[in-house]
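Chemist: Below is one structure. I have some questions about it.
There are 2 protein chains.
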Amino acid sequence: MSEPTLYPESGFLRIRIDLAYDGTNYAGWAKQPDQRTIQEEIETALAKITQSPIETIVAGRTDAGVHASGQVVHFDVPENSEIKELLFKLNRMLDDDIRVLKVTVMDKGFHARFSATRRYYTYKILDGNQVVSPLHRVDVAPWYRTLNLDLLNSASALLIGEHDFAAFCKFREGASTVRNLIRFNWIRDDEGYLIAEIAADAFCYSMVRNLVGAVVCVAEGRNNLDWISAMLANKERVPDSLVFVARGLTLSFVEYNGEMVYG
Amino acid sequence: MSEPTLYPESGFLRIRIDLAYDGTNYAGWAKQPDQRTIQEEIETALAKITQSPIETIVAGRTDAGVHASGQVVHFDVPENSEIKELLFKLNRMLDDDIRVLKVTVMDKGFHARFSATRRYYTYKILDGNQVVSPLHRVDVAPWYRTLNLDLLNSASALLIGEHDFAAFCKFREGASTVRNLIRFNWIRDDEGYLIAEIAADAFCYSMVRNLVGAVVCVAEGRNNLDWISAMLANKERVPDSLVFVARGLTLSFVEYNGEMVYG
């Protein structure tokens, strides 16, 4: 059934953890000097439990203030490591704004980042200058103007497909901005919140918040649909578009085409 | 159209505020010495804005740790009070775990407590020892056993109607425990959370959390439906029933039969 691994004697276990976090009090996923980050918290806890330094690889490097309900991370531990009750031990050690949902021993070919085929995000907005409920204060972006749901969806539909999203990404030297946007649609839920589901093979830096900002410009009547198409075609950021705040954004799901991938 | 008020010259305005809060960091609604309470925060802010002491009357006196998405409060201010932009001013002054959703000048006969005809609560549980998402950590009660949804609903249905709920209320000398439970039903949402909607004319002290605890005893298979019926009939608290934690509970809505009620 399965191919033999290339290094059967390599003596380590590849562990996947699925985790969720409230990103409010963190400077994002990635470790940075003098900053509190999710990666640092996870790696510190893992090092204490396994009694050895651990380096993690993440599926989606979320920015400061961005949340996750289905983030995926992998790391390796020596084969003889004590990983029994790892989920329980991690959750006891971590603050309650980070929770490990699942721990799985994977095939060595599994890679949290490179094996991932799609990332799904949600973005939540409360428009029309309504007051956000305190129970949603960490994961909803308030907006003062009223947004037209049909226009949100029409503008978002123009962006779906494989494009160079340079106009919607923070510039990074040498980084490709070609991405395949698979899903970008909005609903208004029972409580009146606007919720976007946004999926792509991968996202460039700050891309989701740029996409949301651009379609909001259309949905509030400030710009038209041609303005979106022109931005996409011109591949250049325009100063009158918006970048929406991190707190409305949640990494909800990472998709893998079969969990067994050989390296 | 409307009857004349009895005291047309009384010189005050009756104000209704609709508010929401995350009750995590408060000792409940009602003022208590040396405790941080929602009432104290609201009254302190109101006194600063109106430059006079304010006493508030609330629709539902929520316990420590209980949340609200649709709490209703009234208070009176001198007729010449500066109440323009009261919502904006209150929200600027209050911590962001309390939000005023709406400010309305009411007829003097309106009473937040006595005019209310129904109170609606929701209760959220995540069962089967699953890890609660950090974004839900303040408003979901985790439960280690798996709960059967049909049994939750069957047990809850037995409690609907006008009954003496003495078995489900914390004893208070002289307080009636006869209530009319109008709605008590459960769904499991897309994310797997169990959500109860619970409505009554009014609730006794700790009644919602007792009702939830009792039906959970049935839904986890520990007690049967007859046990619920017997508890209700015997009007006595039983030691093997449960009282569920405050944090799963949210006061979601207060119903008034017409907002204009004459005193």
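Sequence order for the protein chains is H and E. Heads up: the first sequence is residues 115 to 377, going by this note's numbering. Heads up: the second sequence is residues 115 to 377, going by this note's numbering. Don't be surprised by glycine CBs; every beta carbon is placed ideally from N, CA and C. Keep in mind it's a predicted model, so treat the numbers as computed, not measured.
Taking a contact to mean a Cβ-Cβ separation below 9 Å, would you say E/Gly-125 touches E/Thr-176 in this structure?
Modeler: To locate residue 125 of chain E, count along the second sequence from 1; it is residue 11. To locate residue 176 of chain E, count along the second sequence from 1; it is residue 62. In this structure, E/Thr-176 does not lie closer than 9 Å to E/Gly-125 by Cβ.
Chemist: Run through the DSSP bridge pairs and tell me what E/Ala-314 is partnered with.
Modeler: Indexing the second sequence from 1 puts residue 314 of chain E at position 200. Looking at the DSSP assignment, E/Ala-314 forms a beta bridge with E/Arg-233 and E/Leu-295.
Chemist: Looking at chain E, is there any beta carbon in it that lies within less than 9 Å of the beta carbon of H/Tyr-376?
Modeler: As a working note, residue 376 of chain H is residue 262 in the first sequence. For H/Tyr-376, the predicted structure reports a pLDDT of 37, less than 50, and the residue's modelled location is therefore unreliable. The matter cannot be settled from this model.
Chemist: Under a three-way DSSP split, which group does E/Trp-143 fall into?
Modeler: Counting from one through the second sequence, the residue named residue 143 of chain E turns up at place 29. In this structure, E/Trp-143 counts as coil in the three-state DSSP scheme.
Chemist: Touch check for the region 262-274 of chain H and the region 331-346 of chain H: three-plus C-beta pairs under 8 Å?
Modeler: Because the criterion of three Cβ pairs below 8 Å is met, the region 262-274 of chain H and the region 331-346 of chain H touch.
Chemist: Nearest chain E C-beta to H/Arg-302 closer than 9 Å, yes or no?
Modeler: Counted from its first residue, the first sequence places residue 302 of chain H at position 188. For H/Arg-302, the answer is no, since every Cβ of chain E falls outside 9 Å of its Cβ.
Chemist: In the DSSP assignment, what are the bridge partners of E/Ile-131?
Modeler: Counted from its first residue, the second sequence places residue 131 of chain E at position 17. Paired residues: E/Val-187 and E/Val-217.
Chemist: DSSP beta-bridge partners for E/Phe-126?
Modeler: Residue mapping note: residue 126 of chain E aligns to position 12 of the second sequence, counting from 1. E/Pro-192, per the DSSP bridge assignment.
Chemist: The alpha helix (DSSP H) spanning E/Leu-365 covers which residue range?
Modeler: In the second sequence, the residue the question calls residue 365 of chain E occupies position 251. Taken as a continuous stretch (DSSP letters only), E/Leu-365 belongs to no alpha helix (DSSP H), being part of the beta strand (DSSP E) at 363-370.
Chemist: Does the Cβ of E/Ala-406 have 16 or more other Cβ atoms within 10 Å, making it buried, or fewer, making it exposed?
Modeler: Residue 406 of chain E cannot be examined here, being either before or after the span of chain E that is shown, 115 to 377.
Chemist: With a Cβ-Cβ cutoff of 9 Å, do H/Val-322 and H/Ala-255 count as a contact?
Modeler: Residue numbering aside, residue 322 of chain H sits at position 208 when the first sequence is read from its first letter. Residue numbering aside, residue 255 of chain H sits at position 141 when the first sequence is read from its first letter. No. Outside cutoff.
Chemist: Strictly under 9 Å for the Cβ-Cβ distance: is H/Asp-241 near chain E by that measure?
Modeler: Counted from its first residue, the first sequence places residue 241 of chain H at position 127. It does not; no Cβ of chain E falls within 9 Å.
Chemist: Looking at E/His-188 and E/Ile-171, is the spacing between their C-beta atoms short of 9 Å?
Modeler: Here residue 171 of chain E refers to the residue found at position 57 of the second sequence. Here residue 188 of chain E refers to the residue found at position 74 of the second sequence. Yes, these two residues count as a Cβ contact at 9 Å.
Chemist: Do we get a CB-CB distance below 9 Å when we pair H/Ala-378 with the residues of chain E?
Modeler: No answer is possible for residue 378 of chain H: it lies beyond the span of chain H, which begins at 115 and ends at 377.
Chemist: Are the CB atoms of H/Leu-263 and H/Trp-104 within a distance shorter than 9 Å?
Modeler: Any answer about residue 104 of chain H is impossible in this case: the structure gives chain H only from 115 up to 377.
Chemist: Report the partner residues of E/Ile-302 according to the DSSP bridge assignment.
Modeler: Here residue 302 of chain E is taken as the residue at index 188 of the second sequence, counted from 1. It is worth fixing the name first, because residue 302 of chain E is Arg in this sequence and not Ile. DSSP lists E/Leu-308 as partners of E/Arg-302.
Chemist: At a CB distance below 8 Å, what residues from the region 176-193 of chain H approach chain E? Give them in sequence order.
Modeler: Residues passing the 8 Å Cβ filter: His-181 and Ser-183.
Chemist: Can H/His-181 and H/Arg-361 be called in contact, C-beta distance under 9 Å?
Modeler: Here the question's residue 181 of chain H lines up with position 67 in the first sequence. Here the question's residue 361 of chain H lines up with position 247 in the first sequence. Yes.
Chemist: Residues in the region 246-267 of chain H with C-beta within 8 Å of chain E's C-beta atoms, listed in sequence order?
Modeler: Answer in chain order: Val-246, Ser-247, Pro-248, Leu-249, Arg-251, Val-252 and Asp-253.
Chemist: Residues in the same chain with beta-carbon distance under 6 Å from H/Tyr-307, minus the five sequence neighbours each way, listed in chain order, please.
Modeler: Reading the first sequence from its first residue, position 193 is the one you call residue 307 of chain H. Only Lys-238 and Leu-240 meet the Cβ criterion.
Chemist: In chain E, what lies closer than 9 Å to H/Val-359 by C-beta?
Modeler: Residue numbering aside, residue 359 of chain H sits at position 245 when the first sequence is read from its first letter. Within chain E, no residue comes near H/Val-359; the closest Cβ sits about 14 Å away, beyond 9 Å.
Chemist: In the DSSP assignment, find the beta strand (DSSP E) that holds E/Glu-276 and state where it starts and stops.
Modeler: Translated into the one-based positions of the second sequence, residue 276 of chain E becomes position 162. Residues 275-278.
Chemist: In whole angstroms, give me the CA-to-CA distance for H/Asp-148 and H/Met-220.
Modeler: Within the first sequence, the letter at position 34 stands for residue 148 of chain H. Within the first sequence, the letter at position 106 stands for residue 220 of chain H. Their backbone Cα atoms lie some 33 Å apart in a straight line.
Chemist: Pick helix, strand or coil for H/Val-332, following the three-state DSSP scheme.
Modeler: Taking the first residue of the first sequence as 1, we reach residue 332 of chain H at position 218. Note: H/Val-332 maps to helix in three-state DSSP.
Chemist: Taking all protein chains shown into account, decide if H/Ser-166 is buried (16 or more other Cβ within 10 angstroms of its Cβ) or exposed.
Modeler: The residue given as residue 166 of chain H occupies position 52 in the first sequence. Counting Cβ neighbours within 10 Å, H/Ser-166 comes out exposed, since fewer than 16 surround it.
Chemist: In angstroms, rounded to a whole number, what distance separates the CA positions of H/Gly-377 and H/Val-191?
Modeler: Position 263 of the first sequence holds residue 377 of chain H. Position 77 of the first sequence holds residue 191 of chain H. Confidence at H/Gly-377 is low in this model, with a pLDDT of 31, below 50, so the placement of that residue should be treated as unreliable; the coordinate-derived value is given next. Rounded to whole angstroms, H/Gly-377 to H/Val-191 spans 17 Å at the Cα level.
Chemist: Should H/Ser-355 be labelled buried (16 or more other beta-carbon atoms within 10 Å of its own) or exposed?
Modeler: Here residue 355 of chain H refers to the residue found at position 241 when the first sequence is read from its first residue. Buried, since its Cβ has 16 or more Cβ neighbours within 10 Å.
Chemist: Can a CB atom of chain H be found closer than 9 Å to the CB of E/Asn-205?
Modeler: Reading the second sequence from its first residue, position 91 is the one you call residue 205 of chain E. At least one chain H Cβ lies under 9 Å of E/Asn-205.
Chemist: For the alpha helix (DSSP H) containing H/Gln-153, name the first residue and the last one.
Modeler: By 1-based counting over the first sequence, the position of residue 153 of chain H is 39. Taken as a continuous stretch (DSSP letters only), the alpha helix (DSSP H) holding H/Gln-153 covers 152-164.
Chemist: If you draw a straight line from the C-alpha of E/Lys-203 to the C-alpha of E/Ile-163, how long is it?
Modeler: Start at 1 with the first residue of the second sequence, and residue 203 of chain E comes out as number 89. Start at 1 with the first residue of the second sequence, and residue 163 of chain E comes out as number 49. So the two alpha carbons sit approximately 7 Å from each other.
Chemist: For the candidate residues H/Ala-281, H/Asn-194, H/Trp-257 and H/Gly-184, whose alpha-carbon lies nearest to that of H/Tyr-235?
Modeler: Along the first sequence, one-based indexing puts residue 235 of chain H at 121. The residue with the shortest Cα to Cα distance from H/Tyr-235 is H/Gly-184.
Chemist: Tell me which same chain residues have a C-beta within less than 7 Å of the C-beta of E/Tyr-319, skipping the five on either side of it?
Modeler: One-based indexing of the second sequence puts residue 319 of chain E at position 205. Contacts found: Cys-283, Lys-284 and Arg-286.
Chemist: Helix, strand or coil, according to DSSP, for E/Val-246 in the structure here?
Modeler: Counting from one through the second sequence, the residue named residue 246 of chain E turns up at place 132. In this structure, E/Val-246 counts as coil in the three-state DSSP scheme.
Chemist: Answer with yes or no whether the minimum CB distance from E/Thr-364 to chain H is below 9 Å.
Modeler: For the purposes of this step, residue 364 of chain E is identified with residue 250 of the second sequence, where counting begins at 1. Answer yes: the Cβ-Cβ gap between E/Thr-364 and chain H drops below 9 Å somewhere.
Chemist: Just the Cα atoms here: how many angstroms apart are H/Arg-233 and E/Tyr-258?
Modeler: Within the first sequence, the letter at position 119 stands for residue 233 of chain H. Within the second sequence, the letter at position 144 stands for residue 258 of chain E. Those two C-alpha atoms are separated by around 31 Å.
Chemist: Pull up the distance between the alpha-carbon of E/Ile-312 and that of E/Ser-195, whole angstroms please.
Modeler: What you label residue 312 of chain E is simply residue 198 of the second sequence in a count that begins at 1. What you label residue 195 of chain E is simply residue 81 of the second sequence in a count that begins at 1. Taking the straight line joining both Cα atoms gives about 38 Å.
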